[in-house]
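Peer 1:
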Amino acid sequence: MKYLSIVLFAIIAFGCKNEPKIEILSANDIIDKSIEVSGGELFRKSKVKFNFRDKFYYGQRIDDNFVLMRVAVNEKNDSVIDILTNEGFERKINEGKNIVVEDSMIPKYTASVNSVHYFSVLPYGLNDKAVNKKLLGEEQIKDKNYYKIKVTFNQEGGGEDYEDVFVYWVDKKDFKADYLAYSYNEDDGVGMRFREAYNERYVNGIRFVDYNNYKAEDASLKLLDLGKAFENNQLKLLSKIELKNVEVALINN
1 MKYLSIVLFA
11 IIAFGCKNEP
21 KIEILSANDI
31 IDKSIEVSGG
41 ELFRKSKVKF
51 NFRDKFYYGQ
61 RIDDNFVLMR
71 VAVNEKNDSV
81 IDILTNEGFE
91 RKINEGKNIV
101 VEDSMIPKYT
111 ASVNSVHYFS
121 VLPYGLNDKA
131 VNKKLLGEEQ
141 IKDKNYYKIK
151 VTFNQEGGGE
161 DYEDVFVYWV
171 DKKDFKADYL
181 AYSYNEDDGV
191 GMRFREAYNE
201 RYVNGIRFVD
211 YNNYKAEDAS
221 LKLLDLGKAF
231 ENNQLKLLSK
241 IELKNVEVAL
251 INN
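Counting from 1, position 206 in the sequence shown corresponds to residue 206 in the UniProt record's numbering; the numbering is continuous, with no gaps.
#1: Would you give the residue range spanned by the alpha helix (DSSP H) that Val121 belongs to?
#2: Going straight from the alpha carbon of Lys244 to that of Asn132, what length do you get?
#3: Excluding five sequence neighbours on each side, which residues of the same chain lie with their C-beta closer than 8 angstroms to the C-beta of Tyr198?
#4: Quick one: complete beta strand (DSSP E) runs, 3+ long, within the region 33 to 113?
#5: Quick one: measure Cβ to Cβ for Asp164 and Asp171, integer angstroms, because I've assumed they're closer than 8 angstroms.
#6: Count the other CB atoms, across all protein chains shown, that sit within 10 Å of the CB of Pro123; report buried if there are 16 or more and exposed otherwise.
#7: Check Asp218 in the structure and name its three-state DSSP category.
#8: Which class does Leu223 belong to by DSSP, given the choice of helix, strand or coil?
#9: Excluding the 5 residues flanking Val7 on each side, which residues of the same chain have their C-beta closer than 7 angstroms to its C-beta?
#10: For Phe230 and Phe175, which I take to be in contact (beta-carbon distance under 8 angstroms), what is that distance rounded to the nearest angstrom?
#11: Measuring straight from C-alpha to C-alpha, what distance separates residue 255 and Glu90?
#12: Assuming Ile30 and Tyr147 are in contact, meaning their beta carbons sit under 8 angstroms apart, how far apart are those beta carbons, in whole angstroms?
#13: Going straight from the alpha carbon of Ile11 to that of Glu23, what length do you get?
#14: Quick one, are the C-beta atoms of Val48 and Val113 less than 8 angstroms apart?
#15: Would you tell me roughly how many angstroms separate the C-alpha atoms of Val80 and Lys45, rounded to the nearest one?
#16: Using a Cβ-Cβ cut-off of 8 angstroms (strictly less than) and excluding sequence neighbours within five positions of Asp32, which residues of its own chain qualify?
#17: Tell me, please, which residues DSSP counts as bridged to Val170.
#18: Check whether the Cβ atoms of Ala216 and Leu235 lie closer than 8 angstroms to each other.
#19: How long is the line joining the alpha carbons of Val101 and Lys108, rounded to whole angstroms?
#20: Terminal residues of the continuous beta strand (DSSP E) containing Leu136?
#21: By a C-beta neighbour count over all protein chains shown, 10 Å radius and 16 as the cutoff for buried, is Arg70 buried or exposed?
#22: Span of the beta strand (DSSP E) holding Glu247?
#23: Nearest CA to the CA of Thr110: which residue from Ile83, Gly96, Lys129?
Structural data, given as structure tokens:
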């Protein structure tokens, strides 16, 4: 009997040692992994160029310092260059003379430039100090399992649109963010959008995607319900968010 007890104890102990460990991830852990598979530290030493619609964009990031530019051609065929840096916003014309911008318009131009650059390199940026992340659980979309993460922003450091709320669906296997949704509150009204990533490509180690941009026609839908609404074909395709001519140069210093 004593021998049998020893054998049973050994079997149980051996079985416990070989049970697979279940890794419990926080929202921060998931976003860290998502950033890593999308380029990781390469974002912090990069120069990125692309075209979006009728404008040219350039972003340079060196550690915590950044230069984000947008170039548009006006009706006079002049190049209007908006520049956003750690020091603030400025506007130039034809790469030379500074244009005086009314104080009331600076936050709007800043948000406009920052928004395109922000979306272009997601999920990079989701570890900024002003970002708050909360794991809502898991959800299945198109037979794939996702972590569902809610993102909000502090007023300090969160920009003009700090009240916006985002939801990200991060693939449980490869940690890529395949879907996102957000609510916004702007001068022309409030609303929600749902984006489906497609056309994934890596340029010099950094992941870029385009998006199918959807809206909800049912006003009763809530932001957190948009994943299921997409699954049930309840959303309407509004536009496509496509980055053209993407170039990446890595900075070695």
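Even for Gly, the Cβ is constructed at its ideal location relative to N, Cα and C.
Peer 2: Well, looking at it:
#1: Going by DSSP, Val121 is part of no alpha helix (DSSP H) at all; its letter is neither H nor E.
#2: 31 angstroms
#3: So the qualifying residues of the chain are Val209, Asp210, Tyr211, Asn212.
#4: 45 to 52, 55 to 62, 65 to 73, 79 to 85, 88 to 93, 97 to 99
#5: With a Cβ gap of about 23 angstroms, Asp164 and Asp171 do not count as contacting.
#6: Of the residues assessed, Pro123 falls on the buried side of the cut-off, its CB having 16 or more other CB atoms within 10 angstroms.
#7: Under the three-state reduction of DSSP, Asp218 is assigned to coil, being neither helix nor strand.
#8: helix
#9: Because the pLDDT of Val7 is 44, which lies under 50, any placement of that residue in the model is unreliable, and the number read from its coordinates should be weighed accordingly. Here the set comprises nothing.
#10: With a Cβ gap of about 20 angstroms, Phe230 and Phe175 do not count as contacting.
#11: The question about residue 255 has no answer here: the residues shown for the chain are numbered 1 through 253.
#12: 5 angstroms
#13: Below a pLDDT of 50, predicted positions are generally treated as unreliable, and Ile11, at 45, falls in that range; the measurement from the model is reported next regardless. Rounded to the nearest angstrom, the two C-alpha atoms are 24 angstroms apart.
#14: no
#15: 26 angstroms
#16: Cβ neighbours of Asp32 beyond the five flanking positions: Asn127.
#17: Answer by DSSP bridge pairing, in chain order: Tyr147, Ala177.
#18: yes
#19: The alpha-carbon atoms of Val101 and Lys108 are separated by roughly 11 angstroms.
#20: 131 to 141
#21: buried
#22: 243 to 250
#23: That would be Ile83, whose Cα lies nearest to the Cα of Thr110.
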